[in-house]
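Residue numbers (the numbering used here): 1196 to 1313.
Yeah, the Cβ is synthetic: ideal placement off N, Cα and C, and Gly gets one too.
To keep things clear, I will list the structure first and then write my remarks on it.
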């Protein structure tokens, strides 16, 4: 039993805290997906571990949502409310139309590209 408890503790440690920061959504989802795949038989337990890691905007989003009972429902809610609603094609067009401003450095241009969503 102690060995199982240790394994569950280690798996819990893989899941990062998530405060609703859109730039960390993909990382949070990837880590949770990894743990969920490893623990299919104890999915409800892992779902509770995941929701215990939520803080800030992420916790507020689901605090009143009693309809969210599974990882897939939680992931969908985050993608809908925190993810980027633009398609890949739309983002590609937006990136293709960017040009470096007169007098701007390449570093400034790179920073503009990184923060295009905001």
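Using the beta-carbon count (16 or more within 10 Å), is residue 1323 buried or exposed? Outside the displayed span of the chain (1196 to 1313) sits residue 1323, for which this structure offers no information.
How many Å lie between residue 1202 and residue 1230 at the Cα? 11 Å
How about the segment 1271-1289 and the segment 1298-1308: do they share at least three Cβ pairs that are nearer than 8 Å? no
By DSSP's criteria, residue 1249 is part of a beta bridge. Which residues make up the other side? 1213
Boundaries (first-last residue) of the alpha helix (DSSP H) holding residue 1276: 1266-1277
Between the beta-carbon of residue 1270 and the beta-carbon of residue 1224, is there less than 7 Å? yes
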